[in-house]
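Visitor: These protein sequences, in sequence, are chains G and B.
Per my numbering, residue 9 is the first one in the first sequence, and the count goes up by one each step.
Per my numbering, residue 740 is the first one in the second sequence, and the count goes up by one each step.
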Amino acid sequence: ETGVTQTPRHLVMGMTNKKSLKCEQHLGHNAMYWYKQSAKKPLELMFVYSLEERVENNSVPSRFSPECPNSSHLFLHLHTLQPEDSALYLCASSQESVRGQKLFFGSGTQLSVL
Amino acid sequence: AQSVAQPEDQVNVAEGNPLTVKCTYSVSGNPYLFWYVQYPNRGLQFLLKYITGDNLVKGSYGFEAEFNKSQTSFHLKKPSALVSDSALYFCAVRDGPLNFNKFYFGSGTKLNVKP
Numbered sequence: 009e010t011g012v013t014q015t016p017r018h019l020v021m022g023m024t025n026k027k028s029l030k031c032e033q034h035l036g037h038n039a040m041y042w043y044k045q046s047a048k049k050p051l052e053l054m055f056v057y058s059l060e061e062r063v064e065n066n067s068v069p070s071r072f073s074p075e076c077p078n079s080s081h082l083f084l085h086l087h088t089l090q091p092e093d094s095a096l097y098l099c100a101s102s103q104e105s106v107r108g109q110k111l112f113f114g115s116g117t118q119l120s121v122l
Numbered sequence: 740a741q742s743v744a745q746p747e748d749q750v751n752v753a754e755g756n757p758l759t760v761k762c763t764y765s766v767s768g769n770p771y772l773f774w775y776v777q778y779p780n781r782g783l784q785f786l787l788k789y790i791t792g793d794n795l796v797k798g799s800y801g802f803e804a805e806f807n808k809s810q811t812s813f814h815l816k817k818p819s820a821l822v823s824d825s826a827l828y829f830c831a832v833r834d835g836p837l838n839f840n841k842f843y844f845g846s847g848t849k850l851n852v853k854p
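1) Would you say phenylalanine 113 of chain G faces chain B, with C-beta separation under 8 Å as the test?
2) Taking the C-alpha atoms as reference points, what is the distance between glycine 768 of chain B and cysteine 99 of chain G?
3) CA-CA distance, leucine 837 of chain B and proline 854 of chain B?
4) With 8 Å set as the bound, which would you pick, yes or no: does the beta-carbon of proline 16 of chain G sit closer than that to a beta-carbon of chain B?
5) Valine 68 of chain G by DSSP, collapsed to three states: which one?
6) Roughly how many angstroms lie between the CA atoms of leucine 795 of chain B and leucine 821 of chain B, to the nearest whole one?
7) Since glycine 116 of chain G meets chain B, which of its residues come closer than 7 Å, beta carbon to beta carbon?
8) Give a yes or no on whether the minimum CB-CB distance between leucine 119 of chain G and chain B is below 8 Å.
9) At which residues does the beta strand (DSSP E) containing methionine 21 of chain G begin and terminate?
10) For proline 91 of chain G, which three-state DSSP category applies?
11) Could you tell me which chain C residues have their CB closer than 9 Å to the CB of proline 74 of chain G, listed as they occur along the chain?
12) Among the residues of its own chain, which have a CB less than 6 Å from the CB of cysteine 76 of chain G, if the five just before and after it don't count?
13) In chain B, which residues lie less than 9 Å from leucine 98 of chain G when you measure between Cβ atoms?
14) Would you say leucine 84 of chain G reaches chain B, if we count a Cβ-Cβ gap shorter than 8 Å as a contact?
15) Would you list the one or two residues that DSSP bridges to phenylalanine 83 of chain G?
16) Should leucine 51 of chain G be flagged as near chain B, meaning a C-beta pair shorter than 8 Å?
17) So if DSSP puts lysine 816 of chain B in a beta bridge, which residue, or which two residues, is it bridged to?
18) Counting Cβ pairs, one atom from each stretch, are 3 or more of them under 8 Å apart for the segment 37-46 of chain G and the segment 15-27 of chain G?
19) For serine 846 of chain B, decide whether its Cβ has a neighbour in chain G, counting only Cβ atoms nearer than 8 Å.
20) Start and end of the beta strand (DSSP E) containing alanine 47 of chain G?
21) Provide the residue(s) that pair with glutamine 777 of chain B in DSSP beta bridges, ordered along the chain.
Set out below in structure tokens:
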């Protein structure tokens, strides 16, 4: 167990639905991330929150909306998604102040958009 | 631009044989290099990292990686493969503390170890 928990593990949604992905880290870290993993592609960094402020937004479409209410929780709100958004969404956390810090990942949410 | 290349989509090796998973990188500053492994239906797990010092880095589960600055490579190696090593392996680079939030990942290499 890595200390980063994601729910749900699987999600199937229609293009008009609204859903949210949840991530919780139990490691006392101060940075949290959303990544998108598609087959045979590099992991795509979507959002980074550092000390609860968004510090990175990699030109992600507005149909993805992140929320970080505190340093332990991260959400990804989804609405009017497209089939090409189907992927594994990974949450990660790290401790910024540590040199050479590594990422700790959750198990991901496998999203299917119909 | 920073990038990571994993030239092989898949590597097949027999159990007991040595394995190598290749990674090359491009980064503007001093590289911080990482290897992660992903088992089915799981997130990525940290294997090892190179920050500075000895070019040969040892990590979890008997894996090691060699940093080669002139070839800008960071290949993952293991002297004797196990069937349980079968998984998806990702190389990643971070371009130092000034952009410490930016990890750049490769596209992954699927390792198949056959009995």
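Backbone N, C-alpha and C fix where the C-beta goes; we use that ideal spot for every residue, glycine too.
Note that this is a predicted model, so its numbers are computed, not measured.
Guide: From the atom records:
1) yes
2) Approximately 27 Å, taken between the alpha carbons.
3) Only weak support exists for where leucine 837 of chain B lies, its pLDDT of 49 falling under 50; the coordinates are left without a value.
4) no
5) coil
6) Their Cα atoms are separated by approximately 21 Å.
7) Gly782
8) no
9) 18-21
10) helix
11) Structure shown: chain C not included; protein chains present are G and B.
12) Tyr57, Glu60, Leu82
13) Gly782, Leu783
14) Output row for leucine 84 of chain G: interface = no.
15) Per DSSP, G:Lys30, G:Glu75.
16) By the rule that beta-carbons nearer than 8 Å mark a contact, leucine 51 of chain G touches chain B.
17) B:Thr759, B:Glu803
18) no
19) yes
20) For alanine 47 of chain G, there is no enclosing beta strand (DSSP E), as DSSP marks it with neither H nor E.
21) The beta-bridge partner set that DSSP reports for glutamine 777 of chain B consists of B:Leu783, B:Leu827.
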